[in-house]
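Going by the UniProt record's numbering, the sequence shown opens with residue 1, and the numbers climb by one from there.
Don't be surprised by glycine CBs; every beta carbon is placed ideally from N, CA and C.
In this text, all values refer to a predicted model and were calculated from it rather than measured experimentally.
What follows is one structure encoded as structure tokens, with my remarks underneath.
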Amino acid sequence: AWLLACTLTAGWQKIFSADPKVGFLSHAARYTEGLANGVLVAPAKTPEAMARIVFNDRLDAGLCALFMFVVLSVLVYSVKACLAARAANRPTVHETPYEPLAAAPAR
Numbered sequence: 001a002w003l004l005a006c007t008l009t010a011g012w013q014k015i016f017s018a019d020p021k022v023g024f025l026s027h028a029a030r031y032t033e034g035l036a037n038g039v040l041v042a043p044a045k046t047p048e049a050m051a052r053i054v055f056n057d058r059l060d061a062g063l064c065a066l067f068m069f070v071v072l073s074v075l076v077y078s079v080k081a082c083l084a085a086r087a088a089n090r091p092t093v094h095e096t097p098y099e100p101l102a103a104a105p106a107r
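As structure tokens, this is what we get:
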């Protein structure tokens, strides 16, 4: 539970924090504003570099949201599997039978 709380809190902060040093979207907004005003924001040296930073920040925010979705999906399906296992009166796991591999030819 602690790992889940820390992971989701950190992901939320990385996406939505108002501090440009932390949040991807606020960092992108800072550079977008600079582009709109024609001001170069350090460390970018060209407007193209600033546009690349904006794109990368938005991509990072999207990936972070995707990973948070994956974490929540794992949680939901884990709870679902645990509840199904508790409700069943027999084991719900199945192992694949052992199948020996063919011996490799000698060289």
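- Taken in chain order, the unbroken stretches of alpha helix (DSSP H) that lie wholly in the stretch 9-97 and span 4 residues or more are 24-37, 47-87.
- Assignment of Leu101 by DSSP, reduced to helix, strand and coil, places it in the coil class.
- When the five nearest sequence neighbours on each side are left out, the beta carbons in the same chain lying within less than 7 Å of the beta carbon of Thr92 are those of Ala84, Ala85, in order along the chain.
- Taking all protein chains in view, the Cβ of Gly23 is crowded by 16 or more other Cβ atoms within 10 Å, so the residue is classified as buried.
- Leu72 has its alpha-carbon roughly 30 Å from the corresponding atom of Arg52.
- The alpha-carbon of Pro97 is positioned some 34 Å away from that of Leu4.
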